[in-house]
Structure formats: structure tokens, C-alpha cells
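Everything on this sheet refers to the single structure shown next.
Chains as they are written, first to last, in the working numbering: chain A, 17 to 198; chain B, 37 to 155; chain C, 4 to 383; chain D, 27 to 365.
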């Protein structure tokens, strides 16, 4: 029963990143804040409220069914949190970097666990370390830290007395405040 | 006859006493005894156990026990049979074949109904 | 947080309801969880009905540390991720930085990286085969595999001075060129190693107990493998002919001729057999690389203080355990703004709850062994 | 061990002094028990050291090399002293009386089996006329001890190990007994001495190879050795039934395991390999050589094979070994009848 995918066996013609972008923009034009092509990747920034529909479109209609990575990024300068989905496929070339910006004081996002099982632990990790809450997640609790941990350590303003910061602060003005020791 | 088994009784008693001697006399004299509450907890890979291990045992285990009892009784019968086998000859053989075949049918039935599958 | 406690309360209630179900903690202090993984198993007799993994016993803020170190300073920390394949972690991280900063790598360094990386794959698969045998109750194969792994470690010690955490790769190449005669030593090792593989087979593959123990156990269906984004031998065991070395080529892997072993049904046997044959393929790659390796420098001239341009990158490589990805966000300073590790075994392990139910406790050990987890990487 | 006449004279001497008749008899018996216990201890220590050396050489290493000088011969003694010095921990939640009783049951039953082992011509503690039946009965007592240990520990791994052990013991008891019936059929007696004497010209392994194979397989299972060590299965159940035992209590289980190994191999030697029979050397030497050869085979199996799964274990017992044992019995019966 070996599925035996050769290299990019689906369809034969390869889809370029521009075409991916066009298809998504054609369907969800209003939802997309920025779109660009970088290193053969289709990079998109979308609004938060319909991320599940867009992900489902990418998975089921574009056929990008392999969620490589899901990571949170904290942008206190913009007062925003970001969730980045790295999506690809085993059947066709091309990668999609899907970014969602969330308000920093209320980071809530729809879960994509129904689409990708792997999102389960990635989302728990983002919740654990960034405090991003994923709605409709089946089991949203801390994964790496102990359950009685206070705070979300990868937020840029997280403070802990045991934490030793980087000795040279070369961040540009307007960047992040340097973490301080207590 | 019964005197033959004096050794058996003695071996059993001395065996138990040997254990008592080693653990509760010899070893007690030289080993430390510093119990702490943590030391005395039940081992379950470093986590607190959930629930008790003393729970109802699955009925499947008893099936094995039942089949075993059948065959154990059979072997009790087989031993005297084996000793006098030569003097009884063909009669003993046929009689035992009937006996064993009945049991083997039972085994085949247990086999076919899946009673011999582990849970 | 009360979520876990709540769940435990629920479990206790349910246990009281049904006297036949038993919740057993397997790990963190258990000989077969390959570190400090904790699995909470619901047992019915000896059959597993449910499995809840708990992680984080070895969490050490890898990503937070990464955000507070310069790009070069992170390399030693990557050693500690998958400590059984440190060279490959170094490589994956350096490759991500090189891609981000556009730094070229000299030809000789690429060849040496391939040789070292594939030797690391052999060593990593050897320790996997040994511990997998240990999980199945076969102690001897563990010692036999360690014998050859020691030789690989000797080779690595000769180039880097370390036996486990090498920190040998640099952004833009390697720390040092290999010592004189080292390549001949590698060749000699391969000659020694090739006849050892059939020897392992006699202890493992050829034994009927070994076969019966792992065939048809812990099946990972192809759709689950995709949904859980499994990678490496776990994905290939489920029938996907997929290897980043060929399908998303990095370094110079497109110059070598090698096969990609694939399983059929996605059971433990397939994952075992895929890894077993991968060792042969690694030998082939190293032999080809040894023939073609050119002389030259091993490190591109790079600035002492590396700064990455503003932007981000998700870069992935095929480590012995699967797709190791580094997601790095750069803000133009000399340290990454965000540094995320997509650990292959973290992702593969998340598929464990769908692989286990319906099998025995003894199978649990085999299935967990077949995923080949390293807790340093799972917990980060 | 001594001629009966000499013993009677010895007893008469005491009676002449007016000492009650039981004293000389009991002291002789106690002497015999002490010799056997001493033999078990020495044999177990030797076996442990031997197993470590054999496993080491199978695994391309040396094993113990330092304690005592030559090839670490004193390693087992050092280990024994270490275990004597270990703290004895009884978990708070354990069922204390049964927990303490369990090692006694296991060891006493292992020891009692030595009553009928014929080490040489006349070198048998008591030649019971039902010898082989007795040894089977008494050695299955050990399982009761194992179940007691597993159950009283109040530990889930131990409980699972005990359940496995119970199922395994009852399953392997049946083919083991039936495979021994073939030779008994040929001898017509259950006495161990008679069985040995019947093999003066031909070892039963020659006429009963199938019975030997089924017996030996069951014997490995009965002693909980790899590939059938599922009651303790360290990679699954950590240590199974004795996971909560420490120090000397654990050591007793360990000792009993090696004592049982010796018993099952001694039975195999007696029933299939002609017991003490052999040219040139004294009978007990031949007996030990054959028994230790079988022990070597057991050790060899352990360090080569993979552990079977619990359902496969049951499968082998009921669906492979039991039919084979019955086949052997039937063929033997027919052959005795018509040849």
C-alpha cells in the first residue's frame, strides 16, 4: 500500500507562490492585510477573525496539508501578538507563511486543531509561553511549564529574578525594553 | 511413609526461618533504618498514584484459571495411569484416549471461542 | 493553574465509577520512556484505552535563552536539543542563519558537513536500535550497537574534541578542518561497519519473536501521519516517499545518489526497518562524499559580530529523527528577536495518543521506542 | 549419604546416653538442610557471577574484573554484603504481613524442591516415591509467593506483574507436566532415583526429544527467565512483582530465582539426560556438569532472545506446547504398547 509519492507528483505543473497568493486573495481579499513573495514562499498577513476558514481553504482546496510549524511572536512595540503558520505540502512545491496579528492585551484566535492534529501541541505551547488563547482547542493547558507557573515567559516583558539578560543591549530605539533583573 | 515427609516439613520450616534470620536478624543488625514519608510512598514512576491497584480483575483471567483447573485435574488422573500403564496394556490406552479426547474437545472449543486470547 | 488538577479530579471520579479501569503513570522515572517523559495510561486489563502525555520535565527555556544570545552563541545550546545528533542540530541552526544572512559555505565544508552529518545519522540510528532492542527485552543488541557508536564518537572527538556536544559547525562553515588522516579513518570505519549490519539482523530482524513483537503494532495511518505532521522515519514508515534531503534539498545532497527506504503499513516494524536501511544509505552517501571531497578552506570569511537583516525564515533539514526546523525572526540586531525550534520528536510524539489505544502495555514501550524521542528536544 | 547401618549405630549411641530419640535424628536432618542451603547459596552466587561473565562475553565486554582478583570472582559476595547493608523499605500502603511473608513462601518452596534432587547414587535427601510429582507441586508454590508479593505491594506495576505471573504459571504448568508424563510412562515410577536408573543404557532425550523441548521451554517460563520474563519485564513493568522490595528481601527473591533455575535444570538432567550416569567421573560430578550445561543454555537464551508479549506467551502455551505435549504422550503410549 506504499503511497510512494515521487517528487511533486500531483498534477504535474508546479504552482508558483504568486499563483497561491492570487488564489487566496481572490477568495479572501478583504481578510488579507499584506501579501508578498519571498524566497519562493507566499507570505501573507491576515486578520484574526477568519483564520480558520483561510486555513481550511489552504488545506483542502490548495492542497497544502502539512503544517510544519506554528509559532507565536510577541510585538510589544506594536502592542500586538503574532501567530505564524508555516505550511507546506508533500505533494507540491511551494510554502506558505501565514501570519495573524492579534491585539496584545486580548490575544484570542480560532484553533486549527480540527484541520491539523499537530496544531494541538503547537497551540498549547503558544498558550503556555505567550498566553495566546485558542478558541475551540480541545485541551488548552500548559504543556512545557508546570501547571502552577505564573506568567508566560516568552512575552518580551516577562520578568523573573533568575533570568540573566543578554549583557549588551543593542536593540534599536523603539524596540523592546530590555528585560531587567529584579 | 509419613516419616518420609519429615524432611519436606523441615525444609519448608528452615527455608522460612532462613529468610527471617537473614532479613530480621542478620541484616537488621547492620543496615540503616531511616524511613521518611517520601521513602515510604508507593512507587509509580515518581508521580502520586491515581486510584488503588486493588481493583476488580478482568473476567478473562478467570477463564484461564478454569481451563487450568480442568487440565490440572486431568493430570492428577494421568499420573497413576502412567505408572500402571504397562500392566494394563491396550485397555488403559483406549480408555485414556477417550478421556483426553474429551478434554481436547473442550480445549478446541475454548480455542475456537477465543477464550485463549489474552485481554 | 487548575486545568490539570481538574482533569485529575475527573479521572478519579471515573475510576471510582468503573473498577476495571486503571490509570497508570508511566514515567517520568521509568526505564523505557527514554528520559523523563510521563505517560498517563488508562488500562483495561493490560490493554491501553487512552494515553495522555505530559511533557516539560526537562524544559530549560531554550527559546528564551536563544533570544538573549548572539547568533553565534546559540550554537552550543543547539547541541543540547537532540543530544544524540548534536552535529545535525548545529548544521540545521547554522544553515538557517546562513540562509537568513546570505552567507556562502565553502565547498570543502559542505562535503565535510555531509560526511559528519551522515556519520551522525548512523550513530543516532545505532543508539536508537540499541535502546529499541532494550525496550523489547534484548539487551545484547544494545551493547553491540554501542560498540560501533563509540567508533563514530571517536571520529567526532578527533575533529571537535568532544564526544557528545560538539559545537563544531559555524555559521559559514566549520570551526576547523579535519585532522590529517581523518578521512582515511572514516573509510576504515565504514569498512568495519558494513558487515556489522547483518550481525545486528541476526539478533533482531531474523528472530521470530522480534518480528512478532512489532509487526502490526502501533499503526500510524497515512492520514494521521499527515495530520500530525510527522516527519523522518515515522512519516516514511507510514508509506510516504519523502525525505527533505531529496525533496527540499539543502547543502549538496542533490549531488549524491541514495535511496529513501519506505514502509508500507505504518506499524512499528516499518519504522524499525526504515531506520535499519537508512544506515546503509548513509554509508553510501559518505562513501560518495569521500571520493569527491575537494581541498580548500572550511570557513567563509564572516564578520565577528553577525547581524541578520530584518525579516524571518523557517528553515528545515532532515535530521535522523525528522524535520528539524528553525524559525528565526530577525530585527537587525546581533541576536534573534524570536527563535523557535520545531523539534521533530516533539511533533512526532504528539501522534502517540492516536497510535496507542487498543494495544498492550508491552506494545506501548515498542511504539514509544519506534518514535525515537529525545526529551532534550521535546522539552527544549 | 551415609550407609543406613552407620546411621542406626549413631542413633543407638545417643539412646545409650539417655538422650531422647529425636535429638540425634533432628540434628542429622538439620545438618542436611544446612548443607543444602549452603549449596544453594554458593551455587546461586556462582550462577550470578557466571551469568554476568557469559552475558558480558556475548556482548563484547568483560563483565566484573576487579573484585577478588581473577575475573572478579568475588563480585557476587560483594553484592551480597551490599544487599545485607541496604535499608529495608516497606511502603506505607503495603499489606504488611503478606508483604513480609511473600519472600518466605518463595524461598521455602524453592528450598523444599531440593529434597528429591538426586545429586548422585544415594546422594538424595529423601527418595520420595512420588518424587517428580512432589517437585512439580512444591515448585508451583513459588507462584503463590509471587502473587502475594505483587498483590501486597499495593503498586500497580506489581499487581500487573502478579496477574501476569499467575496466568503464566497456570498456563505453563499443564504442558510441563504432560511432557514429563512421556518418560514416566517408560519408567513406570515417579521416583527420581528409579527414573535415573532406567536410563542406564539410553538417555530419554534420545527417545523423547519432543518432550525435552516442551519441558525445557516450559521450565524457562516457570522460572520467569527471558524470553518469558514478563512478570518482571523491566522495560514494561519496571520490575513487576518485586518492584517495592529492597535490600535483603529483594535478595531473597533473587536467590530463589537462581535456586529455581537450578531445580528445573536438575529435573531436566534427571529425567532426560540420565542424571548422574556417566563414565569415569563420580556421579555427582556428572550431574553437576549436565545441570550447569543446561543452565548455560538458559543464560545463553536470555542474552540472545527478545521478550515475548503476554498474549504471545499464552498463545505458545495453549496452542503450541500443549498440543505438542499431548502428541508426545500419545505417540509414547502407542509405542510402549506395540514395541
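Cβ coordinates follow ideal geometry from the N, Cα and C atoms, glycine included.
By alpha-carbon distance to residue 197 of chain D, the top candidate from D:105, D:254, D:68 is D:254. When DSSP reads this structure, residue 28 of chain C sits in a beta bridge with C:43. Chain-ordered, the chain C residues with CB closer than 7 Å to the CB of residue 332 of chain D read 139, 140, 141, 210, 212, 213, 216.
Annotated as proximal: residue 235 of chain C and residue 325 of chain C, with beta-carbon spacing under 8 Å.
Counting along the chain, the unbroken beta strand (DSSP E) around residue 150 of chain A starts and ends at 149-151.
Residue 110 of chain D and residue 66 of chain B do touch by the CB rule: their CB atoms are close to 6 Å apart, below 8 Å. Annotation for residue 59 of chain A: the continuous beta strand (DSSP E) segment containing it runs 57-62.
Residue environment for residue 129 of chain D: buried (at least 16 other C-beta atoms within 10 angstroms of its C-beta).
In the structure shown, residue 197 of chain C adopts coil according to DSSP, grouped into three states. In the pairwise beta carbon analysis, the stretch 41-60 of chain C is classified as not touching the stretch 275-293 of chain D: fewer than three pairs are separated by under 8 Å. The C-beta separation of residue 132 of chain D from residue 265 of chain D comes to about 15 Å, leaving the pair out of contact by the 8 Å criterion. In this structure, the straight-line span from the alpha carbon of residue 285 of chain D to that of residue 50 of chain D is close to 28 Å. Using a CB distance cut-off of 8 Å, residue 89 of chain A counts as an interface residue toward chain C. In the three-state reduction of the DSSP assignment, residue 56 of chain B falls in the helix class, which pools H, G and I. When secondary structure is reduced to three states using DSSP, residue 291 of chain D falls in the helix class. For the 8 Å CB-CB criterion, residue 379 of chain C and residue 86 of chain C form a contact.
C-alpha of residue 176 of chain A to C-alpha of residue 58 of chain A: approximately 38 Å in a straight line.
Put simply, the stretch 299-306 of chain C touches the stretch 109-120 of chain C. At least three CB pairs are less than 8 Å apart. Boundaries of the alpha helix (DSSP H) harbouring residue 129 of chain D: 122-138, taken from the DSSP string. Taking a Cβ-Cβ cut-off of 9 Å, the neighbours of residue 41 of chain C in chain B comprise 81, 82, 83, given in sequence order. Residues of chain B whose Cβ lies closer than 9 Å to the Cβ of residue 28 of chain C are, in chain order, 80, 81, 82, 83, 84, 85, 86. Under DSSP, residue 70 of chain D takes part in no beta bridge, so it has no partner. The DSSP-derived three-state label of residue 176 of chain A is coil. Beyond the five residues adjoining it in sequence on each side, residue 169 of chain C comes within less than 7 Å, by CB distance, of 82, 89, 90, 93, 159, 163 in the same chain, given in chain order.
Membership of residue 206 of chain D in any beta strand (DSSP E) is not indicated; the residue belongs instead to the alpha helix (DSSP H) covering 182-213. DSSP links residue 91 of chain A through a beta bridge to A:96.
For residue 110 of chain D, the enclosing alpha helix (DSSP H) stretches over residues 101-110. With a 10 Å radius around the Cβ and a threshold of 16 neighbouring Cβ atoms, residue 83 of chain D comes out exposed. Any Cβ of chain B closer than 8 Å to the Cβ of residue 33 of chain C would place that residue at the interface, and such an atom is present. Look at residue 48 of chain C: its C-beta is under 8 Å from a C-beta on chain B. In this structure, the straight-line span from the alpha carbon of residue 217 of chain C to that of residue 211 of chain C is close to 10 Å.
Cβ contact annotation for residue 68 of chain A (same chain, cutoff 7 Å, sequence separation greater than five): 126, 128, in chain order. If you compare the alpha carbons of B:51, B:135, B:151 with that of residue 110 of chain B, the shortest gap goes to B:135.
With a threshold of 8 Å between beta carbons, residue 196 of chain C makes no contact with chain D.
For residue 290 of chain C, the enclosing alpha helix (DSSP H) has its first and last residue at 271-295.
Membership of residue 149 of chain C in the alpha helix (DSSP H) is indicated by the continuous run 142-163.
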